[in-house]
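So the sequence shown is numbered by numbering that gives the first Met the number 0: it starts at 0 and just counts up by one.
All residues carry an ideal CB built from backbone N, CA and C; glycine is no exception.
The structure displayed is predicted, hence computed values, not measured ones.
First the structure, in the form of structure tokens, and then the observations on it.
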Amino acid sequence: MNALPNFENQTVGEAQQACVSVLKAAGLDAPVLEARLLLALTLGGGPERVLSARDEPLTSDQAERLADAIERRSNREPLSHITGVREFWSLPFIVTPATLTPRPDTETLIEAVLDHGAGGDVRILDLGTGTGCILLALLHEWSEAQGTGVDTSAEALAVARDNAAALNLGGRAHMVEGDWTQPGWDRNLNAPFDVVVCNPPYIPSGDIDGLERDVKEYEPLRALDGGMDGLDAYRAIIRQLKKLLKPRGLVAFEVGIGQAGEVANLLQDVGLVILAQRADLGGVVRVVVAQCP
Ligand SMILES: C[S@@+](CC[C@H](N)C(=O)[O-])C[C@H]1O[C@@H](n2cnc3c(N)ncnc32)[C@H](O)[C@@H]1O
Numbered sequence: 000m001n002a003l004p005n006f007e008n009q010t011v012g013e014a015q016q017a018c019v020s021v022l023k024a025a026g027l028d029a030p031v032l033e034a035r036l037l038l039a040l041t042l043g044g045g046p047e048r049v050l051s052a053r054d055e056p057l058t059s060d061q062a063e064r065l066a067d068a069i070e071r072r073s074n075r076e077p078l079s080h081i082t083g084v085r086e087f088w089s090l091p092f093i094v095t096p097a098t099l100t101p102r103p104d105t106e107t108l109i110e111a112v113l114d115h116g117a118g119g120d121v122r123i124l125d126l127g128t129g130t131g132c133i134l135l136a137l138l139h140e141w142s143e144a145q146g147t148g149v150d151t152s153a154e155a156l157a158v159a160r161d162n163a164a165a166l167n168l169g170g171r172a173h174m175v176e177g178d179w180t181q182p183g184w185d186r187n188l189n190a191p192f193d194v195v196v197c198n199p200p201y202i203p204s205g206d207i208d209g210l211e212r213d214v215k216e217y218e219p220l221r222a223l224d225g226g227m228d229g230l231d232a233y234r235a236i237i238r239q240l241k242k243l244l245k246p247r248g249l250v251a252f253e254v255g256i257g258q259a260g261e262v263a264n265l266l267q268d269v270g271l272v273i274l275a276q277r278a279d280l281g282g283v284v285r286v287v288v289a290q291c292p
């Protein structure tokens, strides 16, 4: 890695240029945008503050914090871990190393559920809730709905609870520790639900090593590793769907590239009817929606 610049005695504008050079040299795709975001984080305030403070000198404390942030990002630590927040469905979500950073692809799942679900006074189950982004985005849209988020990670659930509280959704969102591979895991869920949503770990184990450093070194492995063919979680959950869902209940899964057909087959094998396979903005089929008879 290149030597990091020392931002002592630099103006905001000078530091911004230096940050762009370091991030570019580290091979990041959007060095200008990321430099602005990290400077804004250092200064406090939004990205517009970087422009208005252009000619102001950084304090020593700001220079030190900026150097730390730039070093972390150059080492491919996700931006969301450095800023501690990521926007999803236009809502701010707290993110920590215990949670998968919400992805824009996952917004496709929200769109699919809103298109096919009736809304109203429904109960939603979110399996593998992580930051709680799927459940909380849906509760934000459906103001009378209630929901339960399940995860094996107590740390992730603590983040999901904080997110629910910060979004004023804590009264309608319940976060429950559980492992869908273990017998009796659903005992305290009060099933059946009207809607089940799930973005499970779906990367085939053998592909984890080839992922970007930002992902494989910093995102929780339990959020990524879907077993030998990536489909372990789908098999485990789909065989339990009939007891988790009400008659006519809806299920929506996010799927990895090329997995939609196999997940649709697994759903049909247990008697569900496929309602839609929905592509993300890049044209990749990302979501399978099905209904209980
Ligand atoms: C791909 S992440 C999805 C996180 C979040 N729902 C999202 O879409 O950003 C999968 C989540 O499932 C959780 N998980 C993995 N295996 C699980 C299991 N057997 N039982 C419950 N949760 C599990 C992980 O801890 C992780 O938070």
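* Check whether the Cβ of D150 sits closer than 6 Å to any heavy atom of ligand 1, and report yes or no. => yes
* Short check: CB of V158 to CB of T95, under 7 Å? -> yes
* To do: Between the Cα of F87 and those of L135, C197 and E76, spot the shortest distance and give me the residue it belongs to.
  => L135
* Asked: Taking 6 Å as the cut-off, is the CB of D178 close to at least one heavy atom of ligand 1?
  -> yes
* **C-alpha distance - K242 paired with I93, whole-angstrom precision** => 32 Å
* **Minimum C-alpha distance to G177 - residue among T147, P191 and N162** => T147
* DSSP state of Q181 mapped onto helix, strand, coil -> coil
* Are the CB atoms of D213 and R75 nearer to each other than 7 Å? -> yes
* To do: Would you kindly report the start and end of the unbroken beta strand (DSSP E) that includes D193?
  => F192 to C197
* Asked: Does the Cβ of Q267 have 16 or more other Cβ atoms within 10 Å, making it buried, or fewer, making it exposed?
  -> exposed
* To the nearest angstrom, how far is it from the Cα of H173 to the Cα of H139? -> 14 Å
* Could you please give the first and the last residue of the uninterrupted beta strand (DSSP E) stretch that includes T147? => Q145 to D150
* To do: List the DSSP bridge partners of V250.
  => V195 and A289
* To do: Determine the DSSP secondary structure at V214, reduced to helix, strand or coil.
  => helix
* **According to DSSP, residues forming a beta bridge with L137** => According to DSSP, L137 bridges with nothing at all.
* For L244, name the three-state secondary structure that DSSP assigns. => strand
* To do: Using the DSSP secondary-structure output, state which residues sit across from R85 in a beta bridge.
  => F92
* **Distance between A289 and V31 (C-alpha atoms, nearest Å)** => 42 Å
* Is R85 near ligand 1, with its Cβ less than 6 Å from a heavy atom? -> no
* To do: Go through its chain and collect everything with a Cβ distance to G270's Cβ below 7 Å, but skip five positions before and after it.
  => P292
* Should S152 be labelled buried (16 or more other beta-carbon atoms within 10 Å of its own) or exposed? -> buried
* Asked: Is it the case that the CB of L210 approaches a heavy atom of ligand 1 more closely than 6 Å?
  -> no
* For ligand 1, is there a heavy atom less than 6 Å away from the beta-carbon of I133? -> yes
* Asked: Nearest to E70 by CA position, among S51, R85, A24 and A97, is which residue?
  -> A24
* Can you tell me where the alpha helix (DSSP H) with I237 in it begins and where it stops? -> D231 to I237
* Measure from the alpha carbon of T130 to the alpha carbon of each residue in L36, L156 and A275, then state which is nearest. => L156
* Could you check which residue in V286, G116 and P246 has the C-alpha nearest to that of A144? => G116
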